[in-house]
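Below is one structure, written out as structure tokens; the observations come after it.
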Amino acid sequence: MKLTTFIIDDDLVSQFATRYCIQQSHGNFDIVTCSSGEEGLQACLSSIEEQNRLPDIIFLDLVMDGMNGWDFLENLKNLFKGHLLPSVYVLSAFTNTKDRAIAKKNGMISGYVDKPLSRSYLEKILKEETAKRS
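First residue of the sequence shown: 1, per full-length UniProt numbering; consecutive thereafter.
Next comes the structure, spelled out in structure tokens:
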């Protein structure tokens, strides 16, 4: 099963590292990278128009210029009511206990990942996502 995965992160090095980790995994992924929350929402709109569905997984940075990750999540929820929302995994470059606590309470967030994404954590995500779709 091919999982459509969006990486939404304004840090190009982090984008590359996350993409590389995903490409090196045993999963079958279609990967789209976005450099801002606004670009991520546009990619979601395109996904609805072209495939009539949102991505399966989003790796989301919270701290971005312009639309931050929290604003992206709020827009995603409001713009795509009635659609199956993706599993969102927050990427964080530093341990922010406040963001972690908020993320744990947010029903849209499936997990909180320290950058860089590790292969073992990605394999865990892959197992969970495959089980959800079986």
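Just so you know, even glycine gets a beta-carbon here, dropped at the ideal spot from N, CA and C. Bear in mind the structure is a predicted one, so any value in this text is a computation, not a measurement.
Margin query: Measuring only the C-alpha atoms, how far is S87 from C44?
Written below: CA-CA distance, S87 to C44, rounds to 13 Å.
Y112 to L76 span [Cα, whole Å]
Cα to Cα, Y112 sits roughly 18 Å from L76.
Alpha-carbon to alpha-carbon, L117 and K81: Each residue's Cα considered, the two are about 29 Å apart.
### Message
Within 8 Å, do at least three Cβ pairs link the stretch 20–40 to the stretch 61–79?
### Response
At 8 Å Cβ cutoff, the stretches touch.
Exercise. Tell me whether T18 is buried or exposed, calling it buried when 16 or more other Cβ atoms sit within 10 Å of its Cβ.
Key: Under this definition T18 is a buried residue.
* Asked: By how many angstroms is the C-alpha of L126 removed from the C-alpha of residue 145?
  -> The structure shown does not extend to residue 145, since the chain is modelled only from 1 through 134, so no value can be given for it.
Uninterrupted alpha helix (DSSP H) stretches inside the UniProt domain "Response regulatory" (4–130) (no shorter than 4 residues) = As far as the UniProt domain "Response regulatory" (4–130) is concerned, its whole alpha helix (DSSP H) runs of at least 4 residues are 12–23, 37–51, 69–79 and 97–105.
Other residues of its chain near Y121: CB distance less than 7 Å, five sequence neighbours each side excluded:
Answer for Y121: V113, listed in chain order.
- State the Cα-Cα distance for the pair N106 and K2, rounded to the nearest angstrom. N106 and K2: Cα-Cα distance of roughly 27 Å.
Could you say which of I57, R119 and V13 lies nearest to V90 if we only look at CA atoms? The shortest C-alpha to C-alpha distance from V90 to any of I57, R119 and V13 is the one to I57.
Sub-8 Å separation of residue 141 and F16 beta-carbons: For the chain, the structure presents residues 1 to 134; residue 141 sits outside this window and is missing.
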